[in-house]
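Numbering (my numbering), first residue to last: 2 to 323. Backbone N, C-alpha and C fix where the C-beta goes; we use that ideal spot for every residue, glycine too. As the structure is a prediction and not an experimental result, all values here were calculated from the model.
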Ligand SMILES: NC(=O)c1ccc[n+]([C@@H]2O[C@H](COP(=O)([O-])OP(=O)(O)OC[C@H]3O[C@@H](n4cnc5c(N)ncnc54)[C@H](OP(=O)(O)O)[C@@H]3O)[C@@H](O)[C@H]2O)c1
């Protein structure tokens, strides 16, 4: 099949594209060309911007399926939850309709909710509504937090852990709960959504095999990275009220390309980010990977203080003129 992947230059895209290629699909990756990519050789991104819709219909020409991976997890300039996650999806749908695409696959998030209390989750829900109302074949996957090379969440946590402190800061009481899933496993589920006829019109929640608290995740990441502080290898968690962390999060959000935490992320910790432990096995017929044995990639991260200079997934160059 010919598959166009919007947001294919991002973290999940870097795992999905090789998975689709290995299954014999013809891939077109669409992005704004604002970041360095790790695309397989011979594959260059085609320009498309979901903010305006520019380039999308042209990029979708001849595609059978569009997988939409575009989203932002913080508001930054023109790139907002509303303009990218909600309205941007509307532009993807419109362009897919114009180009005669048959199927849309949308990667959404567990907790996507019509209640606007959490703006990110509300915008993901709005994006889903555009997909579901498209009149095209559609499949929606809602994922818990995803780990793997080039990820955001776990790499930032490892970065925070590398800061020189005798303890590990855990926001709140540490009981915020997640179901980390490997990027390769998300890619397998997305491939099934691209290929299988019987998945049309379905919403799937996906997560790994474990429900883990933020404190458990922090300790696992600390153990995996082996970061110590003046010889203290096993640092204890220090629980801090998110209200105390909020001013720092606001400042980081304003000045850092890749803040360790944003105010919205602190707010969302009260909402469980989980589904059934066997969701992937039931929905997709395979056992997803556990977190702890698969965190080796975090050891490649730079050490403090170079971690703070690392731009991670942030923008590398300005968008090209249209
Ligand atoms: N990572 C997770 O833990 C997680 C968990 C649940 C759900 N999800 C969902 O999974 C999807 C992929 O997430 P990710 O972690 O791979 O994100 P990511 O690494 O930040 O990638 C986002 C992609 O969107 C593209 N993009 C951003 N603004 C754009 C615009 N205006 N026009 C066109 N493309 C634009 C970026 O490319 P350029 O900057 O090059 O344009 C990039 O390829 C998102 O929908 C996210 O909500 C992720």
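- As computed with DSSP, residue 142 is found in a beta bridge with 108 and 205.
- The three-state reading of DSSP puts residue 23 in helix, counting H, G and I together.
- Taken atom to atom, the span from the alpha-carbon of residue 121 to that of residue 82 is near 6 Å.
- In this chain, the alpha helix (DSSP H) harbouring residue 120 covers 120 to 133.
- In the structure shown, residue 251 falls within a helical segment according to DSSP collapsed to helix, strand and coil.
- For residue 47, the three-state secondary structure derived from DSSP is strand.
- As the crow flies, the alpha-carbon of residue 164 is around 11 Å from that of residue 261.
- Looking at the backbone, the Cα of residue 152 and that of residue 173 are separated by about 23 Å.
- Relative to ligand 1, the nearest heavy atom lies less than 8 Å away from the CB of residue 152.
- The beta-carbon separation of residue 60 and residue 29, rounded to 6 Å, stays under the 8 Å limit for a contact.
- For residue 79 and residue 146, the gap between their C-alpha atoms comes out near 25 Å.
- In the displayed model, residue 243 falls within a helix according to three-state DSSP.
- Around the beta carbon of residue 144, 16 or more other beta carbons sit within 10 angstroms, so the residue counts as buried.
- Under DSSP, the beta-bridge partners assigned to residue 179 are 213 and 274.
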